[in-house]
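Enquirer: Below you'll find the structure I mean.
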Amino acid sequence: MNPGLKILLQPIAFIYGLITLLRNRLYDGGFLKVTRFDVHTIGVGNLSVGGAGKTPLVEYLIKFLREEEPKIATLSRGYKRKTSGFLLANETSTAEDIGDEPLIYKYKYNVQVAVDANRVNGVKKLITRDDAPKVILLDDVFQHRSIRCGLNIVVSDYNNLFFKDSMLPAGTLREFKSGIIRADVIVITKTPERTSPVEIRNILKDVNPKAHQQVFFSYLKYGELYSITNSNDKIDTLNDLFRFRIISFAGIANAQPMVNYLKEYAADVKHLPFSDHHEFSIKDLEDIERYYNSFEGGNKILVTTEKDFMRLKNNNVWPIAQRMNIYVLPVEVTFKDKEEEFNQTILKYVRANRIYHQKYT
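Residue numbers (our numbering): 51 to 411.
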């Protein structure tokens with residue numbers, strides 16, 4: 051953001067911050083109702099708007115927890131879906147039904163996936179089912195103060211750390227950075243693999259975790275590219291990608307890490323950006339195909355993200371997408387260090403008889 055514009059927006063940001071602060075104080079003081087549930091609930095959220103790496107972390111938790119407790123559910127708002135109210139995903143659900151991120155959880159892991167803008171109602175619906183989950187992962191729930199999660203995980207992008215950020219609209223914070231006090235676990239996401247111990251210590255100093263908080267550092271690990279029409283048709287990054295010329299396209303908040311990764315290994319990379327959670331039209335696909343055909347030279351492919359893949363599937367653009375040479379670049383979370391400590395923190399909470407983390411006892 052232009053520094054001059056940021057200064058001009060500071061008064062509005064301060065007023066917005068005061069409103070969110072008052073709201074939080076009303077919840078803290080018991081003036082606004084907070085609902086607790088007799089089920090283990092893990093919230094994954096952040097202080098800012100935009101992509102901070104919540105989805106890969108939720109995927110990590112699903113994969114890890116399934117071995118401990120198979121009866122897992124995820125509950126999300128279902129951003130940009132065309133349905134309303136509570137909806138439980140099934141094998142025919144599309145991104146239009148439940149949103150792209152919930153569809154990833156259903157498509158890849160086949161766990162219970164529910165969407166409801168009203169998180170309290172969503173949890174009530176899940177726990178009254180015959181196949182009620184034992185653990186519920188709530189996506190993007192940190193500002194939903196009407197529900198008390200048993201364990202709150204907050205993510206912060208290494209490239210836009212919350213303590214350096216400003217309130218909306220001057221920055222990307224949804225509430226004052228002091229709200230981090232409600233977190234039990236803080237994960238600094240998208241940390242460069244080569245981050246030095248000195249940098250880690252400096253960030254920890256600025257985060258200034260309290261006695262009830264733990265801080266972890268994670269980075270993104272990209273997998274083998276796979277074709278949208280045949281998941282067994284794969285391209286190995288290290289051994290094969292250098293032979294390809296790539297046109298990438300993505301409708302996510304920050305595609306730069308993906309583009310940088312592709313440029314590291316591929317012969318040539320061009321990127322076509324779309325807005326976050328973009329709903330692809332037939333014209334969009336035709337424009338991408340036209341650009342692809344005009345890209346001179348052979349051995350070329352189109353590359354997109356798993357979120358975008360979900361938005362291409364099972365809607366009116368899918369027949370066009372299938373004829374295009376599109377590959378998906380999957381991504382997962384890996385911890386820089388202390389992965390076992392993170393896992394044990396999660397297990398300790400899930401195995402405990404008490405439903406709420408130590409801060410709330």
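Each residue gets a CB set at the ideal place from its N, CA and C atoms; glycine is no exception.
Check this for me: beta carbons of VAL99 and THR124, under 8 Å apart or not?
Expert: Reading the sequence shown from its first residue, position 49 is the one you call residue 99. Reading the sequence shown from its first residue, position 74 is the one you call residue 124. Taking 8 Å as the Cβ cut-off, VAL99 and THR124 do not qualify as a contacting pair.
Enquirer: Out of GLU249, LEU201, THR239, GLN193, state which residue places its alpha-carbon closest to the alpha-carbon of LYS227.
Expert: Residue numbering aside, residue 227 sits at position 177 when the sequence shown is read from its first letter. When each option's Cα is compared against that of LYS227, the closest is GLN193.
Enquirer: Determine, using beta carbons only, whether PHE266 and PHE392 come nearer to each other than 8 Å.
Expert: Sequence index remark: in the sequence shown, residue 266 carries index 216 (1-based). Sequence index remark: in the sequence shown, residue 392 carries index 342 (1-based). Cβ atoms of PHE266 and PHE392: closer than 8 Å.
Enquirer: Would you be able to state if there are at least three C-beta pairs under 8 Å between the segment 184-198 and the segment 158-173?
Expert: yes
Enquirer: Just checking, does the segment 311-319 make contact with the segment 285-299 on the three C-beta pairs under 8 Å criterion?
Expert: yes
Enquirer: Given a cut-off of 8 Å, decide if ASP190 and ARG232 are closer than it, judged by their beta-carbon atoms.
Expert: Within the sequence shown, residue 232 is the residue found at index 182, counting from 1. Within the sequence shown, residue 190 is the residue found at index 140, counting from 1. Against a cut-off of 8 Å, the Cβ pair of ASP190 and ARG232 comes out as no contact.
Enquirer: Go through its chain and collect everything with a Cβ distance to THR287's Cβ below 6 Å, but skip five positions before and after it.
Expert: Along the sequence shown, read from residue 1 onward, the residue named residue 287 stands at position 237. So the qualifying residues of the chain are TYR315.
Enquirer: What residue range does the beta strand (DSSP E) around ASN420 cover?
Expert: Lying before the first or after the last residue shown, residue 420 is absent from the chain, which here runs from 51 to 411.
Enquirer: Cutting at 8 Å between CB atoms, please list the residues of its own chain near LEU82, excluding the five before and the five after it.
Expert: Sequence index remark: in the sequence shown, residue 82 carries index 32 (1-based). Once the five neighbours on either side are set aside, the close Cβ partners of LEU82 are ARG73, LEU76, ARG195, SER196.
Enquirer: Using the Cβ count rule (16 or more neighbours within 10 Å means buried), how would you classify ARG179?
Expert: Here residue 179 refers to the residue found at position 129 of the sequence shown. So ARG179 ends up on the exposed side.
Enquirer: Answer yes or no: do ILE351 and TYR377 have a C-beta to C-beta separation smaller than 8 Å?
Expert: Residue 351 sits at position 301 when you count from the first residue of the sequence shown. Residue 377 sits at position 327 when you count from the first residue of the sequence shown. Their beta carbons are under 8 Å apart, which means ILE351 touches TYR377 by this criterion.
Enquirer: Under 7 Å Cβ to Cβ from GLY135, same chain only, skipping five residues before and after it: list those, please.
Expert: Along the sequence shown, one-based indexing puts residue 135 at 85. Hits under 7 Å: ASP166.
Enquirer: By the DSSP assignment, the beta strand (DSSP E) with VAL84 in it spans what residues?
Expert: In the sequence shown, residue 84 corresponds to position 34, counting from 1. Looking at the DSSP string, VAL84 is not in any beta strand (DSSP E), and its letter there is neither H nor E.
Enquirer: Following the continuous alpha helix (DSSP H) through LEU107, name the residue where it begins and the one where it ends.
Expert: Counting from 1 along the sequence shown, the entry for residue 107 is found at position 57. Per DSSP, LEU107 belongs to the alpha helix (DSSP H) from 104-116.
Enquirer: For a test of the three-state rule: what should DSSP assign to PHE136, helix, strand or coil?
Expert: Position 86 of the sequence shown holds residue 136. It is coil, neither helix nor strand.
Enquirer: DSSP three-state call for ASP290: helix, strand or coil?
Expert: The residue given as residue 290 occupies position 240 in the sequence shown. Looking at ASP290 - three-state DSSP - the assignment turns out to be helix.
Enquirer: Helix or strand or just coil, what does DSSP make of ILE154?
Expert: Taking the sequence shown and counting its residues from 1, one reaches residue 154 at position 104. Three-state result, ILE154: helix.
Enquirer: Beta-carbon within less than 6 Å of LEU275's beta-carbon, same chain only, minus the 5 sequence neighbours each way: which residues are those?
Expert: Counting from one through the sequence shown, the residue named residue 275 turns up at place 225. Cβ neighbours of LEU275 beyond the five flanking positions: ILE285, TYR377, LEU379.
Enquirer: Since ILE236 and LEU187 should fall inside the 8 Å C-beta cutoff, what is the C-beta to C-beta distance between them, to a whole number of angstroms?
Expert: Counting from 1 along the sequence shown, the entry for residue 236 is found at position 186. Counting from 1 along the sequence shown, the entry for residue 187 is found at position 137. The pair is not a contact, with the Cβ atoms about 17 Å apart (cut-off 8 Å).
Enquirer: In this structure, how does DSSP classify ASP318 when only helix, strand and coil are distinguished?
Expert: Taking the first residue of the sequence shown as 1, we reach residue 318 at position 268. Residue state, collapsed to three classes: strand.
Enquirer: Identify the residues that DSSP records as bridge partners of HIS327: which are they?
Expert: Here residue 327 corresponds to residue number 277 of the sequence shown, with the count starting at 1. When DSSP reads this structure, HIS327 sits in no beta bridge, so it has no partner.
Enquirer: Exposed or buried, ASP181, counting other C-beta atoms within 10 Å across all chains shown (16 or more means buried)?
Expert: Against the sequence shown, residue 181 aligns to sequence position 131. By the neighbour-count rule (16 or more Cβ atoms within 10 Å), ASP181 is not buried but exposed.
Enquirer: So, for LYS260: in the same chain, excluding its five sequence neighbours on each side, which residues have a beta-carbon less than 7 Å away from its beta-carbon?
Expert: Counting from one through the sequence shown, the residue named residue 260 turns up at place 210. Result list for LYS260: ILE231, in chain order.
Enquirer: Quick check: TYR129 and HIS262, are their CB atoms within less than 8 Å of each other?
Expert: For this step, residue 129 is matched to residue 79 along the sequence shown. For this step, residue 262 is matched to residue 212 along the sequence shown. No, the Cβ-Cβ distance between TYR129 and HIS262 is not below 8 Å.
Enquirer: Go ahead and pull the three-state DSSP assignment for THR91.
Expert: For this step, residue 91 is matched to residue 41 along the sequence shown. Strand at THR91.
Enquirer: Please go through the segment 330-359 and give each complete alpha helix (DSSP H) segment of 4 or more residues, from N-terminal end onward.
Expert: 332-344
Enquirer: Taking the C-alpha atoms as reference points, what is the distance between ILE148 and ALA371?
Expert: The residue given as residue 148 occupies position 98 in the sequence shown. The residue given as residue 371 occupies position 321 in the sequence shown. Cα to Cα, ILE148 sits roughly 20 Å from ALA371.
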